[in-house]
Ligand code: SF4
Ligand code: SF4
């Protein structure tokens with residue numbers, strides 16, 4: 193089984209294309225939509241987690257999207273958090289739209305869920321202690 197995260201950027205003309213339906217039906221992939229920004233006038237963006245297929249199935253599905261004119265960016269980085277140095281100030285949570293970084297009650301300490309992270313890297317700049325980094 194293969195799993196990857198991708199950002200799909202597509203022009204207004206392709207907004208109506210049922211991308212997730214085609215990936216599920218034609219390529220037998222399981223799709224998890226992590227983030228979507230779609231506007232009829234602008235470029236649309238979808239962040240997807242693609243899984244449940246062989247590497248060949250995943251590649252075939254992504255190639256199909258590229259053939260349609262969709263730009264596919266593979267997210268190969270991951271965020272590393274040096275938990276021991278964290279002072280739990282919460283500054284990074286303000287920029288983390290996926291809520292991968294969030295304050296956890298009752299102590300309100302920072303918690304990081306890598307499964308929600310879309311590797312946008314906004315938190316890397318936001319941390320005053322520079323203890324969040326994107327690495328391959
Ligand atoms: S890179 Fe940082 S800000 Fe972006 S989703 Fe991941 S944890 Fe949140
Ligand atoms: S900004 Fe840095 S120090 Fe503050 S909670 Fe986030 S990781 Fe910890």
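Numbering (the numbering used here), first residue to last: 193 to 328. Where is the CB? At the ideal position from N, CA and C, for every residue including glycine. Remember, it's a predicted structure, so these values are computed and weren't measured experimentally.
(Q) Do residue 266 and residue 316 count as a contact pair if the criterion is CB distance below 8 Å? (A) Within the chain shown, the letter at position 124 stands for residue 316. Within the chain shown, the letter at position 74 stands for residue 266. No, the Cβ-Cβ distance between residue 316 and residue 266 is not below 8 Å.
(Q) As a quick exercise: from 261, 290 and 280, pick the residue whose alpha carbon is nearest that of residue 209. (A) Within the chain shown, numbered from 1, the residue matching residue 209 stands at position 17. When only C-alpha atoms are compared, the closest one is 261.
Q. Is it the case that the CB of residue 315 approaches a heavy atom of ligand 4 more closely than 7 Å?
A. Annotation note on ligand 4: not contained in the displayed structure, which lists ligand 1 and ligand 2 as its ligands.
(Q) If you measure between the beta carbons of residue 221 and residue 250, is that distance less than 8 Å? (A) The residue you call residue 221 lines up with position 29 of the chain shown. The residue you call residue 250 lines up with position 58 of the chain shown. Contact: yes.
Q: Could you name the residues of the same chain whose beta carbon sits closer than 7 Å to that of residue 319, not counting the 5 residues immediately before and after it, in chain order?
A: Within the chain shown, residue 319 is the residue found at index 127, counting from 1. Excluding residues within five positions, the ones whose Cβ falls inside 7 Å are 283 and 284.
(Q) With distance defined between alpha-carbon atoms, name the residue in 234, 248 and 213 nearest to residue 225. (A) For this step, residue 225 is matched to residue 33 along the chain shown. That would be 213, whose Cα lies nearest to the Cα of residue 225.
Q.
In whole angstroms, give me the CA-to-CA distance for residue 276 and residue 248.
A. Your numbering for residue 276 matches position 84 in the chain shown. Your numbering for residue 248 matches position 56 in the chain shown. Distance between the alpha carbons of residue 276 and residue 248: 40 Å.
Q) Is the beta carbon of residue 282 within less than 7 Å of some heavy atom of ligand 2? A) By 1-based counting over the chain shown, the position of residue 282 is 90. Within the cutoff, so yes.
Q.
Measuring straight from C-alpha to C-alpha, what distance separates residue 236 and residue 324?
A. Residue 236 sits at position 44 when you count from the first residue of the chain shown. Residue 324 sits at position 132 when you count from the first residue of the chain shown. Roughly 28 Å between the two C-alpha positions.
Q. Relative to ligand 1, is the shortest distance from any of its heavy atoms to the C-beta of residue 319 smaller than 7 Å?
A. What you label residue 319 is simply residue 127 of the chain shown in a count that begins at 1. No, ligand 1 has no heavy atom inside 7 Å of this Cβ.
Q | Endpoints, beta strand (DSSP E) assigned at residue 218 | A | As a position in the chain shown, residue 218 is number 26, starting the count at 1. Segment 211-219 is the alpha helix (DSSP H) holding residue 218; no beta strand (DSSP E) there.
Q | residue 207 versus residue 231: straight-line alpha-carbon distance, rounded | A | Counting from 1 along the chain shown, the entry for residue 207 is found at position 15. Counting from 1 along the chain shown, the entry for residue 231 is found at position 39. Cα-Cα distance, rounded: 8 Å.
Q | For residue 248, the three-state DSSP class (helix, strand or coil) | A | Translated into the one-based positions of the chain shown, residue 248 becomes position 56. Helix, per DSSP.
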